[in-house]
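Novice:
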Amino acid sequence: MNLPHGPGTYADPDLPAETWGGRKAQQYVELTILTYGDLCINCGLPGSNSADHVIPRSKGGAVYDIDNLGPSHRRCNYSRQDKPLRPVGIPVESGIQHFT
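Here the sequence shown is numbered in this note's numbering, starting from 65 and rising by one per residue.
#1: Are Y92 and P68 closer than 8 Å when you measure CB to CB?
#2: Alpha carbon to alpha carbon, how far is G86 from L109? Give it in angstroms, no decimals.
#3: Between which two residues does the beta strand (DSSP E) harbouring S136 extend?
#4: Find the nearest neighbour of T73 within the set D131, P135, D116 and L95, judged by alpha-carbon distance.
#5: Straight-line CA distance for G111 to S122?
#6: What residue range does the alpha helix (DSSP H) around A89 cover?
#7: The beta strand (DSSP E) spanning D116 covers which residue range?
#8: What separation, rounded to the nearest whole angstrom, lies between the Cα atoms of D102 and T96?
#9: For C104, collect the residues of the same chain with a Cβ closer than 7 Å to its Cβ; drop the 5 residues on either side in sequence, then sort them by chain order.
#10: Does the separation of the CB atoms of G125 and A89 fall below 8 Å?
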């Protein structure tokens, strides 16, 4: 399943670092959901209430760039942290076969 989100962009290293938060972040969350819909880029379920950075901020991703944002549930966003996006629809191996 291919979920809509920006292609990901890096922050300009020549500009001062920005932080994510406050009213500006809330406006970008609204813009992200209006632009891409409410399907979570992490789990594929509807009802996103947050925006997740495609390229994590800690890895140099642009903070306030709609091309670096995708809709996400807050819980999915927090659990992903700074890991790369995992394609939705690819099952995560549980390891149960190891015990059978």
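Cβ coordinates follow ideal geometry from the N, Cα and C atoms, glycine included. Please read these numbers as outputs of a predicted model, since none were measured by experiment.
Specialist: Here's the rundown:
#1: Stepping through the sequence shown from its first residue, residue 92 is reached at position 28. Stepping through the sequence shown from its first residue, residue 68 is reached at position 4. For Y92 and P68, no; Cβs fall outside 8 Å.
#2: The sequence position of residue 109 within the sequence shown is 45, counting from 1. The sequence position of residue 86 within the sequence shown is 22, counting from 1. Going by the C-alpha atoms only, they are around 26 Å apart.
#3: Numbered from 1 along the sequence shown, position 72 holds the residue referred to as residue 136. L133 to S136 is the span of the beta strand (DSSP E), which, as asked, contains S136.
#4: Numbered from 1 along the sequence shown, position 9 holds the residue referred to as residue 73. Out of D131, P135, D116 and L95, the CA that lies nearest to the CA of T73 is found in D131.
#5: Position 47 of the sequence shown, counting from 1, holds the residue named residue 111. Position 58 of the sequence shown, counting from 1, holds the residue named residue 122. Roughly 26 Å between the two C-alpha positions.
#6: The residue you call residue 89 lines up with position 25 of the sequence shown. Element bounds for A89: G86 to Y100.
#7: Taking the first residue of the sequence shown as position 1, residue 116 is located at position 52. Looking at the DSSP string, the run of the beta strand (DSSP E) that includes D116 is S114 to H117.
#8: Counting from one through the sequence shown, the residue named residue 102 turns up at place 38. Counting from one through the sequence shown, the residue named residue 96 turns up at place 32. Each residue's alpha carbon lies about 9 Å from the other.
#9: Position 40 of the sequence shown, counted from the first residue, corresponds to residue 104. Excluding positions up to five away in sequence, the list reads S112, P135, S136, H137 and C140.
#10: Position 61 of the sequence shown, counted from the start, is the residue given in the question as residue 125. Position 25 of the sequence shown, counted from the start, is the residue given in the question as residue 89. Pairing G125 with A89 gives a Cβ-Cβ distance that is not under 8 Å.
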